[in-house]
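**Student:** Count along the sequence shown from 1, add 3, and you get the number used in the numbering used here.
For every residue, glycine included, the Cβ atom is placed at its ideal position computed from N, Cα and C.
Attaching a single structure in structure tokens format; questions to follow.
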Amino acid sequence: MDDSAKTLVIRHGTLIDGSGQPPVANDALVMQGDRITSTGRLPAGLQLEDERAVQVIDASGHWIMPGLIDAHTHLSYGYPHLRGEGRGRGPTRPELSTLKAAASAQKVLRSGVTSICVPGGTWFTDVGVRDAIKLGVMEGPRVYCAGRMIITYGSIEDDEPSWVGTPDHGIGVLCNTADEMVTEVRRQCKHGVNFVKMADSRSGDVQTLARAEIGAVVEEAHRRNARVAIHSRGSASTRAAAEAGVDWIIHTDLATEADLDVVARAGMPIVPTMTFLAMVLEANGRYGQDVIQMDVGRMKRHFDRLIRVVEQARSRGIRILAGTDTGNNFFMPFGEYHAKELEIFVSYCGFTPLEAIVTATHGNAFAMGLPDDLGLLAQGKLADVIVLDRDPLADIRVLQGGRHLAWVIKDGKVVSTGAPASETLAFS
Ligand SMILES: [Zn+2]
4 MDDSAKTLVI RHGTLIDGSG QPPVANDALV MQGDRITSTG RLPAGLQLED ERAVQVIDAS
64 GHWIMPGLID AHTHLSYGYP HLRGEGRGRG PTRPELSTLK AAASAQKVLR SGVTSICVPG
124 GTWFTDVGVR DAIKLGVMEG PRVYCAGRMI ITYGSIEDDE PSWVGTPDHG IGVLCNTADE
184 MVTEVRRQCK HGVNFVKMAD SRSGDVQTLA RAEIGAVVEE AHRRNARVAI HSRGSASTRA
244 AAEAGVDWII HTDLATEADL DVVARAGMPI VPTMTFLAMV LEANGRYGQD VIQMDVGRMK
304 RHFDRLIRVV EQARSRGIRI LAGTDTGNNF FMPFGEYHAK ELEIFVSYCG FTPLEAIVTA
364 THGNAFAMGL PDDLGLLAQG KLADVIVLDR DPLADIRVLQ GGRHLAWVIK DGKVVSTGAP
424 ASETLAFS
């Protein structure tokens with residue numbers, strides 16, 4: 004019997020189950036196939052000494068929690084940059100792009116992030132990587148993804164003059180009418196996306212989508228059982244997205260209290276994605292405006308505003324999801340900052356460490372389309388688990404970069420540790 008068919012048991016350790024309940028000393032977490040079969044006391048009749056049928060991990064002195072979920076990661080934006088590839092968003096060769104995204108996905112998983120939501124990428128690269136992982140072709144996190152984001156003239160990712168248009172290797176696809184958008188939704192659904200990504204106000208000052216256009220996309224996507232997420236930094240764009248009924252809104256930097264009232268009534272979560280802004284601020288101007296698309300002063304204003312938005316959203320009962328924008332630039336490497344959003348929530352937004360952990364586990368399961376199945380360590384749930392050698396409730400930063408991981412388990416199977424082969428690739 005190979006390891007994958009064995010019952011997996013984690014003995015002892017402190018269990019943080021993802022529900023928000025306080026941590027408890029746990030006797031045994033038992034997994035069979037890809038599901039958790041029990042927590043608490045070791046079930047009578049389980050023969051731990053039967054090494055052919057049971058694999059036992061001793062987690063004494065360790066902390067056990069659900070695998071992390073990053074609700075905002077991009078696998079195929081062209082970072083890290085490959086030697087010989089043109090600069091700009093997205094490698095120009097789809098085959099190479101796919102293999103590189105696959106290597107990046109393995110890094111993500113080995114850092115303790117067992118699921119990622121991918122709002123946008125090149126071609127159908129992420130769909131391919133998602134399915135390769137699902138089929139067992141390769142190891143990787145659970146992936147829930149969109150395709151190229153739907154944009155209009157002057158939107159984010161429409162960087163060429165109109166007579167050039169958006170290149171095939173771009174991460175945006177130009178659709179300037181509702182009809183063109185609906186056609187693109189149909190095309191993307193045919194190719195297997197989980198959701199459609201739209202992009203409205205790039206930096207918050209200009210609205211680039213009409214409410215009726217967002218509504219047309221939502222109607223068509225929902226008809227085909229796909230969901231819709233939108234990039235929106237602005238005030239009017241966030242309100243329009245909420246009124247049009249998108250499934251979640253990414254950024255929301257400049258949303259006013261009146262806008263948040265509309266979001267609260269409409270009932271969708273937001274993914275503030277403060278990590279990217281924080282990384283830009285930490286670099287303090289080193290990258291230049293052509294790299295980050297906004298000057299540092301403006302980034303600082305957006306970051307400060309977003310702290311208020313998160314507080315005001317929570318007070319209205321709007322669910323906050325944790326996403327980082329990992330992979331959207333060269334200073335957002337895979338496997339490093341997926342849990343930095345939790346540190347920011349705790350340091351700036353009034354979250355307790357336990358609330359931050361719930362957000363990035365059971366809360367983020369919403370962005371994976373598995374709100375009832377994922378991010379909880381309880382009987383019947385999917386068996387994605389991490390075991391840490393430090394207490395994340397004492398210092399939320401120990402979740403970053405996989406530096407305190409003892410074990411990563413996805414779908415009830417122990418993930419190989421050590422650096423993936425891609426570590427040795429020549430990225431420039
Ligand atoms: Zn993004």
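Whole-angstrom Cβ separation of D394 and D414, contact assumed at under 8 Å?
**Tutor:** As a first step, residue 394 must be located in the sequence shown, where it is residue number 391. As a first step, residue 414 must be located in the sequence shown, where it is residue number 411. Incorrect: roughly 26 Å between the Cβ atoms, too far for contact.
**Student:** Please state whether the Cβ-Cβ distance between H341 and G21 is less than 7 Å.
**Tutor:** As a working note, residue 341 is residue 338 in the sequence shown. As a working note, residue 21 is residue 18 in the sequence shown. For H341 and G21, no; Cβs fall outside 7 Å.
**Student:** My assumption, with CB atoms under 8 Å, is that I321 sits in contact with L263. Please give the rounded CB distance.
**Tutor:** Position 318 of the sequence shown holds residue 321. Position 260 of the sequence shown holds residue 263. Yes, I321 and L263 are in contact; Cβ-Cβ is about 7 Å, under 8 Å.
**Student:** Who are the near neighbours of P164 in its chain, counting only those whose CB is closer than 7 Å to its CB and skipping five residues on each side?
**Tutor:** Locating residue 164 in the sequence shown gives position 161, where the first residue counts as 1. There are no such residues.
**Student:** Please go through the segment 187-236 and give each complete beta strand (DSSP E) segment of 3 or more residues, from N-terminal end onward.
**Tutor:** Listed in chain order, they are 198-202 and 230-235.
**Student:** Here's the rule I'm using: 16 or more other beta-carbon atoms within 10 Å means buried, otherwise exposed. How should H194 be labelled?
**Tutor:** Here residue 194 refers to the residue found at position 191 of the sequence shown. By the neighbour-count rule (16 or more Cβ atoms within 10 Å), H194 is not buried but exposed.
**Student:** Would you say the segment 92-100 touches the segment 137-145, given that touching needs at least three Cβ pairs under 8 Å?
**Tutor:** No, the segment 92-100 does not touch the segment 137-145.
**Student:** May I have the straight-line CA-CA distance separating E222 from S41, to the nearest angstrom?
**Tutor:** Indexing the sequence shown from 1 puts residue 222 at position 219. Indexing the sequence shown from 1 puts residue 41 at position 38. When rounded, the distance between both Cα atoms is 41 Å.
**Student:** In terms of residues, what are the limits of the beta strand (DSSP E) holding Y147?
**Tutor:** One-based indexing of the sequence shown puts residue 147 at position 144. Run containing Y147: R145 to C148, per the beta strand (DSSP E) assignment.
**Student:** Tell me the DSSP secondary structure of M302 in three-state form.
**Tutor:** Taking the first residue of the sequence shown as position 1, residue 302 is located at position 299. M302 falls in the helix class under three-state DSSP.
**Student:** Please identify the residue among D37, V33 and V132 whose C-alpha is closest to the C-alpha of S79.
**Tutor:** Position 76 of the sequence shown, counted from the start, is the residue given in the question as residue 79. If we check each option's Cα against that of S79, V132 comes out closest.
**Student:** Please tell me whether P144 has its Cβ less than 7 Å away from any Cβ of chain C.
**Tutor:** Note that chain C does not occur in the displayed structure, where there is just one protein chain.
**Student:** Measuring CB to CB, does A219 end up less than 7 Å from F198?
**Tutor:** The residue given as residue 219 occupies position 216 in the sequence shown. The residue given as residue 198 occupies position 195 in the sequence shown. It is not a contact, given that the beta carbons lie outside the stated cut-off.
**Student:** Using a 10 Å radius around the Cβ and a threshold of 16 neighbouring Cβ atoms, would you call E260 buried or exposed?
**Tutor:** As a working note, residue 260 is residue 257 in the sequence shown. E260 should be labelled exposed.
**Student:** On the DSSP bridge list, what partners appear for I153?
**Tutor:** Taking the sequence shown and counting its residues from 1, one reaches residue 153 at position 150. Paired residues: V176 and M201.
**Student:** CA-CA distance, D53 and V59?
**Tutor:** Within the sequence shown, residue 53 is the residue found at index 50, counting from 1. Within the sequence shown, residue 59 is the residue found at index 56, counting from 1. Taking the straight line joining both Cα atoms gives about 10 Å.
**Student:** As a quick exercise: from N367, R113 and C192, pick the residue whose alpha carbon is nearest that of N228.
**Tutor:** Residue 228 sits at position 225 when you count from the first residue of the sequence shown. Of the listed residues, the one whose Cα sits closest to N228 is C192.
**Student:** In whole angstroms, what is the alpha-carbon distance linking L391 and G353?
**Tutor:** Here residue 391 refers to the residue found at position 388 of the sequence shown. Here residue 353 refers to the residue found at position 350 of the sequence shown. Taking the straight line joining both Cα atoms gives about 24 Å.
**Student:** Listed in chain order, which residues are found with a beta carbon closer than 6 Å to a heavy atom of ligand 1?
**Tutor:** Matched residues: H75, H77, P122, D328 and N331.
**Student:** Going straight from the alpha carbon of W435 to that of R205, what length do you get?
**Tutor:** The structure shown does not extend to residue 435, since the chain spans only 4 to 431, so no value can be given for it.
**Student:** Tell whether a beta-carbon distance below 7 Å holds between L112 and I67.
**Tutor:** Counting from one through the sequence shown, the residue named residue 112 turns up at place 109. Counting from one through the sequence shown, the residue named residue 67 turns up at place 64. Against a cut-off of 7 Å, the Cβ pair of I67 and L112 comes out as no contact.
**Student:** Tell me the rounded alpha-carbon separation between A381 and H75.
**Tutor:** For the purposes of this step, residue 381 is taken as residue 378 along the sequence shown, with counting starting at 1. For the purposes of this step, residue 75 is taken as residue 72 along the sequence shown, with counting starting at 1. Rounded to whole angstroms, A381 to H75 spans 25 Å at the Cα level.
**Student:** Are the segment 28-39 and the segment 275-288 in contact at 8 Å, needing three or more beta carbon pairs?
**Tutor:** Short answer: they don't touch.
**Student:** Pull up the distance between the alpha-carbon of I119 and that of D73, whole angstroms please.
**Tutor:** Stepping through the sequence shown from its first residue, residue 119 is reached at position 116. Stepping through the sequence shown from its first residue, residue 73 is reached at position 70. Near 5 Å, if we compare the C-alpha coordinates of D73 and I119.
**Student:** Per DSSP, what kind of secondary structure is D262 in: helix, strand or coil?
**Tutor:** Counting from one through the sequence shown, the residue named residue 262 turns up at place 259. Reduced to three states, the DSSP call for D262 is helix.
**Student:** Measuring alpha carbon to alpha carbon, tell me which of L257, P69, P170 and P25 ends up nearest V312.
**Tutor:** Translated into the one-based positions of the sequence shown, residue 312 becomes position 309. Answer by Cα proximity: L257.
**Student:** Measure from the alpha carbon of D208 to the alpha carbon of each residue in T255, R190 and I174, then state which is nearest.
**Tutor:** Residue mapping note: residue 208 aligns to position 205 of the sequence shown, counting from 1. Of the listed residues, the one whose Cα sits closest to D208 is T255.
**Student:** Determine whether the beta carbon atoms of H65 and G115 lie at a separation below 7 Å.
**Tutor:** The sequence position of residue 65 within the sequence shown is 62, counting from 1. The sequence position of residue 115 within the sequence shown is 112, counting from 1. The answer is no: Cβ separation not under 7 Å.
**Student:** Between the Cα of R317 and those of S350, T276 and P272, spot the shortest distance and give me the residue it belongs to.
**Tutor:** The residue labelled residue 317 in the question sits at position 314 within the sequence shown. Closest option to R317, Cα to Cα, is P272.
**Student:** For G175, does the count of other Cβ atoms within 10 angstroms reach 16, so buried, or fall short, so exposed?
**Tutor:** Position 172 of the sequence shown, counting from 1, holds the residue named residue 175. That one is buried.
**Student:** Taking all protein chains shown into account, decide if A105 is buried (16 or more other Cβ within 10 angstroms of its Cβ) or exposed.
**Tutor:** Walking along the sequence shown from the start, residue 105 turns up at place 102. When all chains shown are included, A105 counts as buried.
**Student:** Out of G372, L396, V57 and V130, which has the shortest C-alpha to C-alpha gap to E346?
**Tutor:** Along the sequence shown, read from residue 1 onward, the residue named residue 346 stands at position 343. Nearest option by C-alpha distance: L396.
**Student:** Where does L385 land, buried or exposed, given buried means 16+ other C-beta within 10 angstroms?
**Tutor:** Counted from its first residue, the sequence shown places residue 385 at position 382. Flag for L385 reads buried.
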